[in-house]
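Residue numbers (my numbering): 6 to 427. Don't be surprised by glycine CBs; every beta carbon is placed ideally from N, CA and C. Quick caveat: nothing in here was measured; it's all calculated off a predicted structure.
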């Protein structure tokens, strides 16, 4: 009986299954064989961010309608039409759909937790635990690279799972040591294949080869890993050259467990910079669209939309905004007074504080420049040692929480949620 068949049998008996794999979608092919979405509702893959959700959709087998939550509006329409077999998204986005009654949690057939170690690290378990509590009848599949970090979560919501794969522990029951030194760069998965030239410029070595999962490493001064290697794969790669790992932020803790010393490889190429700025701008626009409240602006633009395509109008507005920004420079907006009455502010908990060297200016900058909130939507910021509370106008709260959970402040990935006192 194969490991997958054993897993299927365990799920049929009502027992959870844990797959021990590196945190990469291409390392988790067994999930597709274990998923059996029912006609009554979709299976759900809980991811660390929207980029990971898109990776699941790209990797799905042909014929399995897998949808990443990148727009709450579009996802709502697809769910209403019954056009989704597997839904991939962050716990925050999944809960937002559930609160809007677009996703019926009681009909979810299977919940896949895709490496929730990152949710533990970023203090984002509140939404996840609520999701698991409301899908108690759904089957559980847990993907983990460090099961020890998940013991409490597993004990509460997937007790005594059937384990597939080797635990990263030695005969002395201690975590296995790293296998080789490596360098790394944070590169979004869609751009990894095109980043080779920037790596060449950064390392300045004559012989550079690339490695993808399933391939055999070729000798070189440096081997650029376009996929995330397992512990054994990294050991084999290091025997042929110095590994360079291209990672997402959620993969960095795993990489530190298998590679030491793990040192950053800064990529200063203009392509990476421009692409990163474009990604940030798109994220801000998406957050503002999801926040709603655009009826007045649409009415203002209606005569233009009759003469021009909507994309052209959007491009013109963006160009005007950039022109205005270049004229105005970096003038501070902190002296503007918010217009929302103080008693109506919603407090948002953010997991960065004084010990992270974060300041109120950092928070305001992230909310206005990265997410697109108006300065008048941001109220008082209470900065504490390990966290802060940001007062946000009610209509902008969901956009602030979603947007903050996609940015980094002072080098730390941010997680945000409504403060439990509100």
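**Item:** Residues near residue 103 by beta carbon distance below 6 Å, same chain, minus five either side
**Value:** As a first step, residue 103 must be located in the chain shown, where it is residue number 98. Correct list, in chain order: 110.
**Request:** Please report the residue range of the beta strand (DSSP E) in which residue 216 lies.
**Result:** Locating residue 216 in the chain shown gives position 211, where the first residue counts as 1. Segment 213–216, the beta strand (DSSP E) holding residue 216.
**Message:** With the cut-off set at 8 Å, would you say residue 267 and residue 190 are in Cβ contact?
**Reply:** Looking up residue 267 in the chain shown gives position 262. Looking up residue 190 in the chain shown gives position 185. No, Cβ-Cβ distance for residue 267 and residue 190 is not below 8 Å.
**Item:** Residues sharing a beta bridge with residue 406, DSSP
**Value:** Here the question's residue 406 lines up with position 401 in the chain shown. Within the DSSP bridge table, the entry for residue 406 names no partner.
**Request:** Keeping to the same chain, check which residues put their C-beta closer than 7 Å to that of residue 340; ignore five residues upstream and five downstream.
**Result:** For this step, residue 340 is matched to residue 335 along the chain shown. Confidence is the limiting factor: at residue 340 the pLDDT is only 39, short of 50, which leaves the residue's position unreliable, though a coordinate-based value still follows. Excluding positions up to five away in sequence, the list is empty.
**Item:** Boundaries of the beta strand (DSSP E) in which residue 147 is found, first to last residue
**Value:** In the chain shown, residue 147 corresponds to position 142, counting from 1. Run containing residue 147: 144–149, per the beta strand (DSSP E) assignment.
**Message:** What residue range does the alpha helix (DSSP H) around residue 242 cover?
**Reply:** Counted from its first residue, the chain shown places residue 242 at position 237. From DSSP, the alpha helix (DSSP H) with residue 242 extends over 236–243.
**Request:** Could you have a look at residue 248 and say whether DSSP puts it in helix, strand or coil?
**Result:** The residue given as residue 248 occupies position 243 in the chain shown. Reduced to three states, the DSSP call for residue 248 is strand.
**Asked** Sorted by chain position, which residues of the same chain lie with C-beta nearer than 8 Å to residue 335's C-beta, five sequence neighbours on each side aside?
**Response** Sequence index remark: in the chain shown, residue 335 carries index 330 (1-based). Note that residue 335 has pLDDT 39, beneath the 50 cutoff, so the model's placement of it is unreliable and the number below is only indicative. Nothing listed; no residue qualifies.
**Item:** Same chain, Cβ closer than 6 Å to residue 137, five either side skipped, listed in chain order
**Value:** Position 132 of the chain shown, counting from 1, holds the residue named residue 137. Closer than 6 Å at Cβ, skipping near neighbours: 162.
**Request:** Rounded to whole angstroms, what's the CA-CA distance from residue 424 to residue 293? Just pull it up for me.
**Result:** Along the chain shown, one-based indexing puts residue 424 at 419. Along the chain shown, one-based indexing puts residue 293 at 288. Spanning the alpha carbons of residue 424 and residue 293 requires a straight line of approximately 21 Å.
**Item:** Exposure of residue 53, with buried meaning 16 or more beta-carbon neighbours within 10 Å
**Value:** For the purposes of this step, residue 53 is identified with residue 48 of the chain shown, where counting begins at 1. So residue 53 counts as buried.
**Request:** Return yes when the Cβ of residue 36 is within less than 8 Å of the Cβ of residue 169, no when it is not.
**Result:** In the chain shown, the residue the question calls residue 169 occupies position 164. In the chain shown, the residue the question calls residue 36 occupies position 31. No, they are not a contact pair.
**Asked** DSSP on residue 49, reduced to helix/strand/coil?
**Response** For the purposes of this step, residue 49 is taken as the residue at position 44 of the chain shown. Reduced to three states, the DSSP call for residue 49 is strand.
**Item:** Beta carbon of residue 185 nearer than 8 Å to that of residue 291
**Value:** Against the chain shown, residue 185 aligns to sequence position 180. Against the chain shown, residue 291 aligns to sequence position 286. The answer is no: Cβ separation not under 8 Å.
**Request:** Under the assumption that residue 94 contacts residue 70 (Cβ atoms under 8 Å), give the Cβ distance between them as a whole number of angstroms.
**Result:** Residue 94 sits at position 89 when you count from the first residue of the chain shown. Residue 70 sits at position 65 when you count from the first residue of the chain shown. About 15 Å; that fails the 8 Å criterion.
**Asked** Do residue 391 and residue 352 come within 8 Å of each other at the CB atom, strictly closer than that value?
**Response** Your numbering for residue 352 matches position 347 in the chain shown. Your numbering for residue 391 matches position 386 in the chain shown. No, they are not a contact pair.
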